[in-house]
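Residue 1 is where the sequence shown starts when you use the working numbering, and the numbers rise one by one after that.
Here a beta-carbon is modelled for each residue, glycine too, at the ideal position from N, C-alpha and C.
Quantities reported herein were computed from a predicted structural model and do not represent experimental measurements.
Working notes, beginning with the structure itself.
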Amino acid sequence: MSEQAETTRAATMDKIVALSKRRGFVYPGSDIYGGLANTWDFGPLGVELRNNIKQLWWRNFVQKRRDMVGLDAGILMHPRVWEASGHVVNFNDPLVDCKTCKARFRADHLLEDKLGIENAEAMSPDEMSAIIREKNLACPNCGNRTLTDARQFNMMFSTTIGPVSESANKVYLRPETAQGIFVQYKNLINTQRVKLPFGVGQIGKAFRNEITPGNFIFRVLEFEQMEIEYFVKPDEAPEKFDEWVQAMQQWIDLIGLKPEHVRVREHAKEELSHYSARTIDYEYLFPGSMGWKELYGLANRTDFDLRQHQEHSGEDLRFFDQAANERYLPYVIEPTFGVDRTFLTVMVDAYDEEETVDVNGKADKRTVLRLAPRLAPYKAAILPLAKKPELTKVAWELFETIQDETGALVDYDETANIGKRYRRQDEIGTPFCVTVDFDTLEDGAVTIRDRDTMDQQRVPMSEVSAMLAERIR
Ligand code: GAP
1 MSEQAETTRA ATMDKIVALS KRRGFVYPGS DIYGGLANTW DFGPLGVELR
51 NNIKQLWWRN FVQKRRDMVG LDAGILMHPR VWEASGHVVN FNDPLVDCKT
101 CKARFRADHL LEDKLGIENA EAMSPDEMSA IIREKNLACP NCGNRTLTDA
151 RQFNMMFSTT IGPVSESANK VYLRPETAQG IFVQYKNLIN TQRVKLPFGV
201 GQIGKAFRNE ITPGNFIFRV LEFEQMEIEY FVKPDEAPEK FDEWVQAMQQ
251 WIDLIGLKPE HVRVREHAKE ELSHYSARTI DYEYLFPGSM GWKELYGLAN
301 RTDFDLRQHQ EHSGEDLRFF DQAANERYLP YVIEPTFGVD RTFLTVMVDA
351 YDEEETVDVN GKADKRTVLR LAPRLAPYKA AILPLAKKPE LTKVAWELFE
401 TIQDETGALV DYDETANIGK RYRRQDEIGT PFCVTVDFDT LEDGAVTIRD
451 RDTMDQQRVP MSEVSAMLAE RIR
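Below, the structure written as structure tokens:
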């Protein structure tokens, strides 16, 4: 039963969206009501992939390091948090309206997409407006040359707390998880045995009223971040920044992204966020017109946030450095990772199509998701060769044993012919298929098929768990 293959990069965003829906990774939000633009729900396979990403991140950056602790802060915080952090005044995107069709666009994206201007994000709204007027730019939606000047639009979603609307307090849905860490910084240093440098990791939802969301789950209104605020002595900030460049690269290797699809981009001075002394982005090369886009960020936030919260709250947030016998505000290095972007990127990077031959030697084509086994939703699938009681009984027992012994999520499938079942598992990225056949009843061995090479190996049933455990780490 040998299969052979040739490979090329085959992913397009349309294919990823279709596969995601077909196989239960991602469904359009509110689908039976016609959908709600730019909202998505994660299906059974999607939940597993997301959880694997988050668990790997947490293990790698929080649990395995002695200089890190974890936190899970609330989405709703005191509104003064966002005044202190600068988000009320600064968390804006430049917005342009079309006076004819009322469509809205991000001015910097318009200049980049329509005029090929690089890093338009670094321009002021006045500079963008001048270019829009000078080039007499047309609305991408209706074609009329009736775009307004660019103006700032605050991206925080707000809601109210309290039953009586007049006395209700306006609060924001957090646009980043980071501020939860700064606001709990004092409790953290008072209750944990931390000394500089140390970091706090957090995974949680964030919300942004994006003007032009899109590209599937690349830019959405509700998303999840995995963020670290790493507190350091101010004069050690540049060195620690460089260490985090390495640590982020190691993470990118851990999730299996191809090196040629990832690059680092240094932010120009004019482009830096209001809190940052230095920022780099890890960018990913998406297929088609999307091209290079931000995957993750790394910023030197200086002591901006702690200083602001110290001033606004009146609490002393200085760290007492026993060795130096002095108090000061630490600097903060912030590595930030989007869960949804990680999800999308690993799907795109793993997607492949191959010309191959099927189990009967006939020409065939397969779609295969070459996910890193540590991220794959199912680590293995147990497949009885035929739906015969003597085979299904052994296969089911093996399925339960492997789940118990490895703690991994394993699939069991006895429907359709074996070729179709292999293809189904290939498409959802299952790294190993374990087939129970009639020989198994005689020799107690099964066939393990490797998703990527399609090579098959005969292994005693008693050794399957140990072999899988070794290869899915
Ligand atoms: N605390 C810093 C911060 O929030 P950011 O660059 O605005 O920085 C961090 O966001 C990461 O969050 C991004 O690198 C990206 O992975 C993810 N992200 C940001 N906006 C997003 C959106 N609208 N949809 C999906 N992911 C988003």
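- Judged by DSSP secondary structure, K186 falls within the alpha helix (DSSP H) whose first and last residues are 185-191.
- G201: member of the beta strand (DSSP E) spanning 198-207, first to last residue.
- Checking the DSSP bridge columns, you'll see Q152 partnered with P94.
- Assigned with DSSP and collapsed to three states, I255 falls in coil, not helix or strand.
- Straight-line measurement puts the Cα of D41 at about 10 Å from the Cα of K21.
- Assignment of beta-bridge partners to L391 by DSSP yields no partner.
- In the three-state scheme derived from DSSP, where H, G and I count as helix and E and B as strand, P384 is classed as strand.
- Under DSSP, I333 shares a beta bridge with Y230, N300.
- Contact check between the stretch 100-110 and the stretch 208-222: three or more CB pairs, one atom from each, fall below 8 Å, which counts as touching.
- If you draw a straight line from the Cα of R307 to the Cα of V81, it is about 12 Å long.
- Two segments are said to touch when three or more pairs of C-beta atoms, one from each, lie closer than 8 Å; by this definition the stretch 145-154 touches the stretch 123-130.
- Taking the CA atoms as reference points, Y230 sits about 24 Å from V88.
- Two segments are said to touch when three or more pairs of C-beta atoms, one from each, lie closer than 8 Å; by this definition the stretch 382-400 does not touch the stretch 349-357.
- DSSP lists T160 as the beta-bridge partner residues of K170.
- By the criterion of at least three beta-carbon pairs nearer than 8 Å, the stretch 411-425 is not in contact with the stretch 457-470.
- V368 is bridged by DSSP to D352.
- Cβ-Cβ distances below 7 Å link A350 to L369, R370, L371, G429 in the same chain, with the five nearest sequence neighbours on each side left out; the list follows chain order.
- For E334, the distance from the CB to the nearest heavy atom of the ligand GAP is below 8 Å.
- DSSP places R104 outside any alpha helix (DSSP H); the residue lies instead in the beta strand (DSSP E), whose first and last residues are 104-106.
- Not a single heavy atom of the ligand GAP lies less than 8 Å from the C-beta of R104.
- By a beta-carbon distance limit of 8 Å, Q192 contacts V69. Their separation comes to about 6 Å.
- Of the candidates Q456, H274, E283, E283 places its Cα closest to the Cα of E266.
- Taking the CA atoms as reference points, V26 sits about 25 Å from G297.
- In this structure the stretch 167-179 lies against the stretch 221-230, because at least three pairs of beta carbons, one per stretch, are closer than 8 Å.
- In this structure, DSSP gives A445 an extended state, which the three-state scheme calls strand.
- Boundaries of the alpha helix (DSSP H) harbouring R50: 44-58, taken from the DSSP string.
- Non-local beta-carbon contacts of E271 in its own chain, meaning distances under 7 Å to residues more than five positions away in sequence, involve N119, E121, A122 in chain order.
- L71 counts as buried, since no fewer than 16 other beta carbons sit within 10 angstroms of its beta carbon.
- Between the alpha carbons of K54 and E311 lies a distance of about 34 Å.
- Look at the beta carbons and you see the stretch 329-343 touching the stretch 229-243: at least three pairs across the two are nearer than 8 Å.
- From the listed residues G143, G407, K205, F337, the smallest Cα separation to A247 is found for F337.
- According to the DSSP assignment, Y422 belongs to no beta strand (DSSP E) but to the alpha helix (DSSP H) extending over 418-427.
- In the structure shown, the three-state DSSP call for M123 is coil.
- In this structure, T440 lies away from I448, with their beta-carbon atoms at least 9 Å apart.
- The ligand GAP never approaches Y351 closely enough for any of its heavy atoms to be under 8 Å from the residue's Cβ.
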